[in-house]
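Chains as they are written, first to last, in this note's numbering: chain A, 1 to 104; chain B, 1001 to 1104.
Below is one structure, written out as structure tokens, with a few remarks after it.
Number of protein chains: 2
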Amino acid sequence: MSGDSIALGPGKVDLLESIDQAGSISEAARQGNISYRRAWDMVDTMNQCFNKPLVESVTGGKGGGGAALTSLGKKVVQIYRNMETKASMATQEEWKSLQNHLKK
Amino acid sequence: MSGDSIALGPGKVDLLESIDQAGSISEAARQGNISYRRAWDMVDTMNQCFNKPLVESVTGGKGGGGAALTSLGKKVVQIYRNMETKASMATQEEWKSLQNHLKK
């Protein structure tokens, strides 16, 4: 959190990875089944919450420009995925216990 | 997850704790600022996803009946809160790193 905006979460990190692979916000939005407007708002929120942008626009190239992750953007994705892995590893016992109480 | 329903999450665990304290679904819904219908649906989903109910109705008593957590309900709350604590402890380094990149 930064102020009232949610700086980062699973949806935003998925979007960052899609932008990294697709090279544009619109293509990433399409892949994630969200509107361009929503994807753009998510990127805008992240860029405003962090002290440097996570996504930057790229001009030129074959597609006539698009979007790419900045070095901070790539770093944030990596940190988040590390968090997920560590959290998952630390809670395996509890996960198994919960699973055992769910209907098969 | 159990089938297509989400068996448990932060909102559902908060609701379970409220029911445990308030002794009724309606009062717990009021405290959580959600409708009675929504709270009831969340309880119904949990009760259907787990192999035994997490919430049961209580008859009689001063208020003329209400709801209470079953022993499994209490156990599930405890497991979930343990998961949160362990996940949080395991990811402190990453949290700090992310915080350092957020606008102050």
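Virtual Cβ for every residue (Gly too), placed ideally from N, Cα, C.
Minimum Cβ-Cβ distance from residue i to chain A less than 7 Å
i, result
"B:A1022", "no"
"B:E1056", "no"
"B:K1103", "yes"
"B:T1085", "no"
"B:S1026", "no"
"B:N1051", "yes"
"B:I1079", "yes"
"B:A1090", "yes"
Residue closest to residue i, alpha-carbon to alpha-carbon, out of the options
i, options, result
"A:Q31", "A:G11, A:T45, A:A90 and A:Q48", "A:G11"
"A:P53", "A:S18, A:L69 and A:I6", "A:L69"
"B:S1024", "B:T1091, B:N1082 and B:V1043", "B:V1043"
"A:G73", "A:S97, A:W40 and A:V55", "A:V55"
"A:S26", "A:N47, A:M83 and A:A67", "A:A67"
"B:G1065", "B:L1098, B:A1022 and B:N1033", "B:A1022"
"B:G1009", "B:E1084, B:I1034 and B:Q1099", "B:E1084"
"A:N47", "A:N100, A:S88 and A:S71", "A:S71"
Minimum Cβ-Cβ distance from residue i to chain B less than 7 Å
i, result
"A:L69", "no"
"A:E94", "yes"
"A:L16", "no"
"A:S35", "no"
"A:N82", "yes"
"A:I19", "no"
"A:S5", "no"
"A:T45", "no"
Residue i vs residue j beta-carbon contact at 7 Å
i, j, result
"B:V1077", "B:L1016", "yes"
"B:I1079", "A:E94", "yes"
"A:N51", "B:K1096", "no"
"A:T45", "B:K1086", "no"
"B:Y1036", "B:A1028", "no"
Strand pairing of residue i, partner residues [DSSP]
i, result
"B:G1065", "BP columns for B:G1065 are empty, so no partner."
"A:V58", "A:G66"
"B:L1016", "According to DSSP, which records beta bridges pairwise, B:L1016 is partnered with nothing at all."
"B:G1102", "Just to set this straight, residue 1102 of chain B is Leu in the shown sequence, not Gly. In DSSP, B:L1102 forms a bridge with A:F50."
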